[in-house]
Amino acid sequence: MSLTDNIIEVLLSAEVIRARVAELGAQISHDYNGKNPILACVLKGGLTFLADLSRTIPIPHEIDFLAIGSYGPKMAKTGVVRIMMDLEGSIEDRHVLLVEDIVNTGRTLAYIVENLQTRRPASLRICTLLDKPDRHAVPIPLDYVGFTIPDRFVVGYGLDFREKYRNLPFVGVLRET
Ligand code: IMP
Ligand code: MG
């Protein structure tokens, strides 16, 4: 029994991801030159992306982490989320770039953005590896998008199904059982 047994299609290979992450890093380095931004990673899914992205950004920047949890299994429908682990540092007057794995309905990010805006950052933008525009339920401005993907459940490169598959080096479509 291998982790890849339930992957029916490789959507984005490790090579394709690496090339796109480098492009995003170059663009971010250009846009944030001289601004010492904070890359705020949304755990756990954003971890792999953040680790690779950060290393493609040669300008000075900091990294920080936050984790979101749901109040229950209905979260996907209601969008009721909470901050399980907050950023370590203050973001007041700082340029913050949120680093996410995937935007589905957009509700999770909408909540995070609303929360972080109250802390008066100098700017707050979003960088997501994947975007599923077909599923958007709330308007959410995405500043950097790695890949736009169809409405399919994907795993790998940080994304999980029940905490598994995060370690796959590619993004694949999971067999729906
Ligand atoms: P949203 O609030 O509906 O945008 O959901 C965003 C969160 O749901 C992401 O941060 C992921 O953790 C999870 N998610 C959404 N789609 C997928 C998927 O295709 N695979 C794995 N996790 C997903
Ligand atoms: Mg996530």
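Mind the numbering: the sequence shown is residues 0 to 176 in numbering that gives the first Met the number 0, read in order.
Each residue gets a CB set at the ideal place from its N, CA and C atoms; glycine is no exception.
Residue-level contact to chain D via CB, residue i, 8 Å cutoff
i, result
"L167", "Annotation note: the requested chain D is absent from the structure, which comprises a single protein chain."
Cut-off 6 Å between Cβ atoms - residues of its own chain near residue i, not counting five sequence neighbours on either side
i, result
"S69", "V80"
"I125", "L97, L141 and D142"
Contact test: residue i Cβ vs the ligand IMP heavy atom, cutoff 7 Å
i, result
"I111", "no"
"L158", "yes"
"E61", "no"
"D100", "yes"
"V9", "no"
"N103", "yes"
"V144", "no"
"V20", "no"
CA-to-CA distance, residue j to residue i, given in whole angstroms
i, j, result
"P132", "D100", "14 Å"
"V102", "T127", "7 Å"
"I178", "V144", "The first residue shown for the chain is 0 and the last is 176, placing residue 178 beyond what the model contains."
"D189", "S53", "No information on residue 189 is available, as it lies outside the stretch 0 to 176 that the chain covers here."
"V98", "E175", "27 Å"
"L23", "G155", "19 Å"
"I67", "M0", "31 Å"
"L49", "L129", "13 Å"
Spatial neighbours of residue i in its chain, beta-carbon cut-off 7 Å, leaving aside the 5 residues before and after
i, result
"E8", "G171 and V172"
Same chain only: Cβ atoms within 8 Å of residue i, ignoring 5 sequence neighbours per side
i, result
"V153", "L10, I101, L129, V170, G171, V172 and L173"
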